[in-house]
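Residue numbers (my numbering): 1 to 130.
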């Protein structure tokens, strides 16, 4: 079974998680921006940073998935994943990006992200002050 780790990372935390998981499992990891085709994949483990618009790169990756693929979604963000409201908001954003028939069979996990204020874009700095 061909399995691929794909990640969408803005500032590097998600990429570090994905690369470390790839090292631990001996699976290849690639940025969603570098994925052309996934026709020979049977399982995709998607690591995505959480932002106001959803999970980075998830929607474009899902469009490339072949029928019958097994999908594991790992979100990485600052939201407290012990808070049920946060979990509900994360799942709502995923629901907007992944078709229902694929989402109902997907496994979803959440990891705590990190923040380096020096690396934030102006837009993200402004959002953090609100």
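All C-beta atoms, glycine included, are put in the ideal place defined by N, C-alpha and C.
Measure the C-alpha to C-alpha separation of residue 89 and residue 80 and round it to an integer number of angstroms. Counting from 1 along the chain shown, the entry for residue 89 is found at position 89. Counting from 1 along the chain shown, the entry for residue 80 is found at position 80. In a straight line, the C-alpha of residue 89 is about 11 Å away from that of residue 80.
Looking only at its chain, what residues have a beta carbon closer than 6 Å to the beta carbon of residue 50, apart from the 5 residues adjacent to it on each side? One-based indexing of the chain shown puts residue 50 at position 50. Here the set comprises 75 and 77.
Please check the pair residue 42 and residue 70, which I expect to be a contact at CB under 8 Å, by giving their CB distance rounded to whole angstroms. To locate residue 42, count along the chain shown from 1; it is residue 42. To locate residue 70, count along the chain shown from 1; it is residue 70. Contact flag correct, Cβ pair sits at about 6 Å.
For a test of the three-state rule: what should DSSP assign to residue 72, helix, strand or coil? As a first step, residue 72 must be located in the chain shown, where it is residue number 72. Strand at residue 72.
Hey, how far is the Cα of residue 40 from the Cα of residue 68? Taking the chain shown and counting its residues from 1, one reaches residue 40 at position 40. Taking the chain shown and counting its residues from 1, one reaches residue 68 at position 68. Each residue's alpha carbon lies about 11 Å from the other.
State the Cα-Cα distance for the pair residue 87 and residue 110, rounded to the nearest angstrom. On the chain shown, residue 87 is found 87 positions in, with the first residue counted as 1. On the chain shown, residue 110 is found 110 positions in, with the first residue counted as 1. Near 9 Å, if we compare the C-alpha coordinates of residue 110 and residue 87.
Express the C-alpha separation of residue 32 and residue 11 in angstroms, rounding to a whole number. Residue mapping note: residue 11 aligns to position 11 of the chain shown, counting from 1. Residue mapping note: residue 32 aligns to position 32 of the chain shown, counting from 1. Taking the straight line joining both Cα atoms gives about 14 Å.
Rounded distance between the beta-carbons of residue 72 and residue 107, thought under 8 Å: Here residue 107 refers to the residue found at position 107 of the chain shown. Here residue 72 refers to the residue found at position 72 of the chain shown. Indeed they touch by this definition, with Cβ atoms about 5 Å apart.
Any heavy atom of the ligand GDP closer than 7 Å to the CB of residue 20? This structure lacks the ligand GDP, and indeed carries no ligand of any kind.
Looking only at C-alpha atoms, which of 19, 38 and 34 sits nearest to residue 47? As a working mapping, residue 47 is identified with position 47 in the chain shown. Comparing Cα-Cα distances from residue 47 to each of 19, 38 and 34, the minimum goes to 19.
Closest Cα partner of residue 45 within the set 93, 17, 13 and 54: Translated into positions along the chain shown, residue 45 becomes position 45. Of the candidates 93, 17, 13 and 54, the one whose C-alpha sits nearest the C-alpha of residue 45 is 17.
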